[in-house]
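Residue numbers (the numbering used here): 55 to 190.
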């Protein structure tokens, strides 16, 4: 499991576009648009899309084993051998692949708080008036 193997499986025609719970409907729609296919509901066999979560490393417990770094498919964990690690929250997809390899259970998935930097502002609907202005 992970982002890259999933992307490779989609490209090879071995996986459908609706198997990424962390990405949810937004990822399914983006993949559908990219591949020119119809979107479909998330396949429940692969999990459920819930609130956005990111990994959080309790740095005082981290032993610097690097197993989480190796498991992270998007390089969202920063650290070095025998040094504490930390998560770059903006890069974390919430896939949870870093949690099982941790030998000291210092990684926790925490909800992303909605604030001005994480809020997804909706785009305004385009109207005929906007189209006329945009097209001259």
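Heads up, the beta-carbon is just placed ideally off N, CA and C, and yes, glycines get one too.
> Using DSSP with H/G/I as helix, E/B as strand and the rest coil, what is residue 114?
Replying inline: Looking at residue 114 - three-state DSSP - the assignment turns out to be coil, as it is neither helix nor strand.
> Which ranges does the beta strand (DSSP E) cover as unbroken runs of at least 3 residues, wholly within the region 75-137, from first to last along the chain?
Replying inline: Within the region 75-137, the complete beta strand (DSSP E) runs of at least 3 residues are 107-111.
> Hey, would you say residue 111 sits closer than 8 angstroms to residue 161, going by beta carbons?
Replying inline: The Cβ-Cβ distance between residue 111 and residue 161 falls below 8 angstroms.
> To the nearest angstrom, how far is it from the Cα of residue 121 to the Cα of residue 156?
Replying inline: About 6 angstroms.
>> Which of the three DSSP states is assigned to residue 162 in this structure?
In response: DSSP places residue 162 in strand when its eight states are reduced to three.
>> Residues in the same chain with beta-carbon distance under 7 angstroms from residue 152, minus the five sequence neighbours each way, listed in chain order, please.
In response: Closer than 7 angstroms at Cβ, skipping near neighbours: 109, 122, 125, 126, 131 and 161.
> Anyone know if the C-beta pair for residue 164 and residue 107 falls short of 8 angstroms?
Replying inline: Contact flag set, yes.
>> If you follow the alpha helix (DSSP H) that residue 64 is in, where does it begin and where does it stop?
In response: In the DSSP annotation of this structure, the continuous segment of the alpha helix (DSSP H) that includes residue 64 starts and ends at 57-65.
> Taking all protein chains shown into account, do 16 or more other C-beta atoms lie within 10 angstroms of the C-beta of residue 77, making it buried, or fewer, making it exposed?
Replying inline: Counting the other Cβ atoms within 10 Å of the Cβ of residue 77 gives 16 or more, which makes it buried.
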